[in-house]
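Student:
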Amino acid sequence: MKFSLPPFIVVFAALSVATVTAAVPPSVWAREKRPDETDTCLQAPPPVPEEVPVHTGGQPPRERLSLWYRQPARNWVTQALPIGNGDMGAMIFGGIAQDRIQFNHKTLWKGSDGADDLGSYLAFGDIYVTDRNARAVSGYVRSLNLKEGTVQVEYASEGCAYRREYLASCPDSVIAVRYAAGGKELIHVALQFINAQGERAVYSPEGAIFGGTLGNGMCYRAELRVQPTGGTVTADRTGIVVEGARELTLYLACTTDFDPQREGHLAGNPQALSRSLKAVLDRAGRRGYEEIRRRHTADYTALFGRVAFDLPAASHTMPTDRLLRQSESPEARAMTDMLIFQYARYLTIASSRGIAVPSNLQGIWNQDGNATSGAVWASDIHSNINVQMNYWPVEPLNLSECHLPFLQYMYNEATRESGAWQRNARSLGADQGWVVNTAGNIFGGSSGYKAGVYSVANAWYCTHLWQHFAYTRDTVWLRDKAWPLMKSACEFWFGRLVPAQNGDGTLECPREYSPEQGRVQNATAHAQQLVTALFEQTEAALRVLGDAAECDAAFRSRLAEKRGKTDRGLRIGRDGMLREWKYQENTPNQPADRNHFADDEANVWQCHRHTSHLVALYPGFGIDPGIDAGVFRAAVASLDDRGDVSTGWARAWRIALWARARNRERAYATLRGFAHHTANQGYDWHGGLYDNMLDAHATRVFQIEGNFGAAAGMAEMLLQSRPDSLVILPALPDAWADGRVRGLKAIGNFEIDMEWAAGKLRVLHVRSLAGMPLVLAYPGVERARVCAGTSRRVQRSKAGRNRLRFDTVVGETYTVSVPAD
């Protein structure tokens, strides 16, 4: 992917509800210097004023796919609403006395490509819009419209109606926010532009600018412009004052000199940043808010609108924070489920487009990383489950393009000559291949955490390469991008595997551990299952590419040999459960509240957040009743023994695992556990959803992979897209007895629409986008009638009990009608 500088712009149009009082003119209070700012080059955020009285009574938004609230946000983690354009993100508070827009760019990182220089993801800055003359308001509603990708704030004050709108536009690299008033009130506000990393902004009546260079040499820059309609604008060292304007538009652009394809990853040209920001700001100013909104809506809905999930019982009459507390109401549960499903798709679009950097532990949203301290867990690219889970929903939920920043990041770092990932492999004695360490950054660097004892992350990464091809059938991409990485990862494991310690004739992955528990040892089930999948999928890629694959007969022969001898990691213990370790029985179960900070090499416990030994059940396909019923039963027994109470992302993984186990009610019960409301920002290890529906972890931050993993699990309940068949409604719970879904994607590049009633499929539509043969699995489907278009009968054949096979044509839609029992 060719690098460009796609800066982030906020277009912020603010219309205050305040009027000027004669006693305290805005020009006076806005220009008062705080003592800590008199003789320093840094600028602290302005004091937080007391919020005006907010009276409730506002009506629900018209769009029911909305998160909505009757008060402004006060807490960044639990209440603020995220917006983003794929590269840049912001958290919106919607305050009246003071509005805060905290923003990030996904490339603002300290650290390097060193093997022990992880660094941290960093916050970029804030815009504060303060109005000390704001009056009490009524009918306040703050909402996030998932269907359009916009945030709104509506309220009334002094007999006037006010409306704000915030959006993030990818085509214009812009976040646009407009405040509008339906009365005669004018704007009297003070603006501060705060650099989270260092020196204060330089203010002028036209706007503000800040920038700097991090310790690793990364240059960054942000620029704010001020465009009022009417009124006056003045500026001094502390900020900008706008008095008497009818409207106010702010344009913010920010970026860094990160270049994912350049040696060293940095362009080192701050002048280019300045020119780029100026060009983007000029363009945004010429287009104006309405045109930016139109372009945003067309771009965003082209992605988001591909999939619809509707449960007729759902009701959106309650604010979202109340909705999450109504766990016993069927209407509230149905609405919550729909929001969980579509919120993940919204967050994916908002956090994973543009520059070839994957979404991290918090997507692109973070307020903790600053000049003196790092973010929690560095908000890193964590490769033993978290970054993988971020991308579980993208293919089945029809957002394949959003996979590309992660996939291109893999390509850039794995093929970088003598880059960090190749150096990782050489440090393990391999003369070929690449290895990604567990805790990583955007430069390919990492911390020392588990370095050298979790090499199998490269195999897990490769499953994403194959999945993208399997869903898109893009053979050019497979040949040019995926194949070199899969082949190189195989070559690493050709040299890494060792003969079994117990002499059983198999090959083992040496010195691995089972994330995140267990002593380092040979042949963990997790590692063996992933390397097996790597070899099998690479053989499948060879069959697709044929002579187009750049490899010789010796590689093909060696791949077949290694695949045939590799221990598959599917071993049943004396307790009838799938073993997590080859040379150690599973340990007794313990409650989730135990061993919060256990040394994961010295202590092992079954009720653990990671279900690493079940990776072949989900997201893999190596455990299935059609392959080995005994292994399948052992895996389900182990899943049951591990328990469902855990952190948010761990509950999300369990949703998908129970769906693959075909246990519809257990999958749904796990979803309900995932969706329980929490305000806890401490170590309770029970997960839950905050008011803003972001997934709680056992820290003071959210971890976004739980949001993504839960939606992927819900998709598995509706459609399991397997290499050999599409399984229809495999884990449909009673709570979803009536419903419909449109636009799910399946392996083979199929789009699926379904409608069901009383728990039974009523109609199935399949759009073939690649002309692949299709096998459907559903009770009684072998008796189904299949029509192409509206009437032409399609020849089909039975593929076994409850299975049906037929050929498809590119671009054709097929209607499958299953007879009633």
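Take the sequence shown: its position 777, counting from 1, is numbered 765 in this note's numbering, and each next residue is one higher.
Heads up, the beta-carbon is just placed ideally off N, CA and C, and yes, glycines get one too.
All values derive from a computational prediction rather than experimental measurement.
1) How big is the Cα-Cα spacing for E538 and P48?
2) Using the beta-carbon count (16 or more within 10 Å), is E401 buried or exposed?
3) Within a Cβ cutoff of 7 Å, which residues of the same chain sit near W870, ignoring the five residues on either side of it in sequence?
4) Would you decide whether N490 is buried or exposed? Buried here means 16 or more other CB atoms lie within 10 Å of its CB.
5) Is Q259 buried or exposed, if buried means 16 or more other CB atoms sit within 10 Å of its CB?
6) Out of curiosity, what's the CA-to-CA distance linking E194 and R597?
7) So, for V519: in the same chain, excluding its five sequence neighbours on each side, which residues have a beta-carbon less than 8 Å away from its beta-carbon?
8) Look at the alpha carbon of H391 and the alpha carbon of L132, and state the distance between them as a whole number of angstroms.
9) Note down the Cα distance separating V715 from A32, rounded to an integer number of angstroms.
10) If D191 and A223 are in contact, beta carbons under 8 Å, what's the gap, nearest whole angstrom?
11) Could you give the first and the last residue of the continuous alpha helix (DSSP H) run that contains F620?
12) Give the DSSP bridge partners of G200, in chain order.
13) Please classify Q350: is it buried, with 16 or more other beta-carbons within 10 angstroms of its beta-carbon, or exposed?
14) Does the distance from the C-beta atom of N354 to that of L110 stay below 9 Å?
15) Which complete alpha helix (DSSP H) runs does the stretch 214 to 238 hold, if anything under 4 residues is left out?
16) Hey, how far is the Cα of V177 from the Cα of A439?
17) Ends of the beta strand (DSSP E) at Y802?
18) Please give me, in chain order, every unbroken run of the alpha helix (DSSP H) with length at least 4 that falls completely inside the stretch 696 to 736.
19) Is DSSP giving V375 helix, strand or coil here?
20) From the DSSP secondary-structure annotation, give me the bridge partner or partners of T285.
21) Using 10 angstroms around the beta-carbon of C158, count the other beta-carbons present and answer buried if the total reaches 16, otherwise exposed.
22) Does the structure place the stretch 234 to 250 close enough to the stretch 198 to 214 that three or more beta carbon pairs sit under 8 Å?
23) In this structure, how does DSSP classify M760 when only helix, strand and coil are distinguished?
24) Alpha carbon to alpha carbon, how far is E25 from V230?
25) Name the two residues that bound the continuous alpha helix (DSSP H) containing C478.
26) How should T360 be labelled, buried or exposed, when 16 other C-beta atoms within 10 angstroms of its C-beta is the threshold for buried?
27) Does the contact criterion of 3 or more C-beta pairs under 8 Å hold for the stretch 331 to 348 versus the stretch 85 to 95?
28) Within 10 Å of its beta-carbon, does C207 have 16 or more other beta-carbons around it, so buried, or fewer, so exposed?
29) Output the boundary residues of the alpha helix (DSSP H) element that contains H514.
30) With a threshold of 7 Å on Cβ separation, who are the neighbours of H665 within its own chain once the five nearest residues in sequence on each side are excluded?
31) Output the distance between the C-alpha atoms of A366 and S435, rounded to the nearest integer angstrom.
32) F329 and M702 look like a contact to me (Cβ under 8 Å); what is the Cβ gap, rounded to whole Å?
33) Applying the criterion that 16 or more other CB atoms from any shown protein chain within 10 Å of the CB defines a buried residue, is E573 buried or exposed?
34) Assuming the contact rule is C-beta atoms closer than 8 Å, V774 and R791 should be a hit. Round their C-beta distance to whole Å, please.
35) Assuming T524 and R551 are in contact, meaning their beta carbons sit under 8 Å apart, how far apart are those beta carbons, in whole angstroms?
36) If contact is defined by three or more beta carbon pairs under 8 Å, each pair taking one atom from either stretch, is the stretch 268 to 287 in contact with the stretch 245 to 255?
Tutor: According to the structure shown:
1) Whole-angstrom Cα-Cα distance: 58 Å.
2) Looking at its Cβ environment, which holds 16 or more other Cβ atoms inside 10 Å, E401 is buried.
3) Look at the range of the chain in this structure, -11 to 809, and you will see that residue 870 is not part of it.
4) With fewer than 16 other Cβ atoms from the protein chains shown falling within 10 Å of its own Cβ, N490 counts as exposed.
5) Of the other Cβ atoms in all chains shown, fewer than 16 fall within 10 Å of the Cβ of Q259; this residue is therefore exposed.
6) So the alpha carbons of these two residues sit roughly 52 Å apart.
7) Exclusion of the five residues before and after V519 leaves V444, A447, W481, L485, C497 and T554 as the residues of its chain whose Cβ lies within less than 8 Å of its Cβ.
8) Between H391 and L132, the C-alpha separation is close to 24 Å.
9) Going from the Cα of V715 to the Cα of A32 covers about 56 Å.
10) Note that residue 191 corresponds to Tyr in the displayed sequence, not to Asp. For a cut-off of 8 Å, the C-beta gap from Y191 to A223 is around 4 Å, short enough to register as a contact.
11) Here the alpha helix (DSSP H) through F620 covers A617 to R630.
12) Partner(s): Y208.
13) Answer is buried; the Cβ neighbour count reaches 16.
14) A contact, by the Cβ cut-off of 9 Å.
15) The stretch 214 to 238 contains no whole alpha helix (DSSP H) run of 4 or more residues.
16) Going from the Cα of V177 to the Cα of A439 covers about 51 Å.
17) Following the DSSP letters along the chain, one finds Y802 inside the beta strand (DSSP E) bounded by residues T801 to S805.
18) As for any alpha helix (DSSP H) of minimum length 4 sitting wholly inside the stretch 696 to 736, there is none.
19) Assigned with DSSP and collapsed to three states, V375 falls in helix.
20) The partner list for T285 (beta bridge, DSSP) is empty, contrary to what the question assumes.
21) It is buried - the Cβ of C158 has at least 16 other Cβ atoms within 10 Å.
22) Output reads yes: the stretch 234 to 250 touches the stretch 198 to 214.
23) It is coil, neither helix nor strand.
24) In this prediction, E25 scores a pLDDT of 44, lower than 50, which makes its location untrustworthy; no coordinate-derived value is stated.
25) C478 -> alpha helix (DSSP H) spans W471 to R484.
26) The residue in question, T360, is exposed, as its Cβ has fewer than 16 Cβ neighbours within 10 Å.
27) Contact between the stretch 331 to 348 and the stretch 85 to 95 is present: three or more C-beta pairs spanning the two stretches fall below 8 Å.
28) That one is buried.
29) Here the alpha helix (DSSP H) through H514 covers A513 to L533.
30) Around H665: L312, R313, G676 and L677.
31) Inter-residue distance for A366 and S435 is about 10 Å (C-alpha atoms, whole angstroms).
32) That pair is a contact at about 5 Å.
33) Per the 10 Å Cβ criterion, exposed.
34) V774 to R791, Cβ: 13 Å. No contact.
35) The identity of residue 524 in the sequence shown is Glu, whereas the question assumes Thr. Indeed, because the Cβ distance is near 7 Å, the residues count as touching under 8 Å.
36) As far as the Cβ criterion goes, the stretch 245 to 255 does not touch the stretch 268 to 287, which means the pair count is below three.
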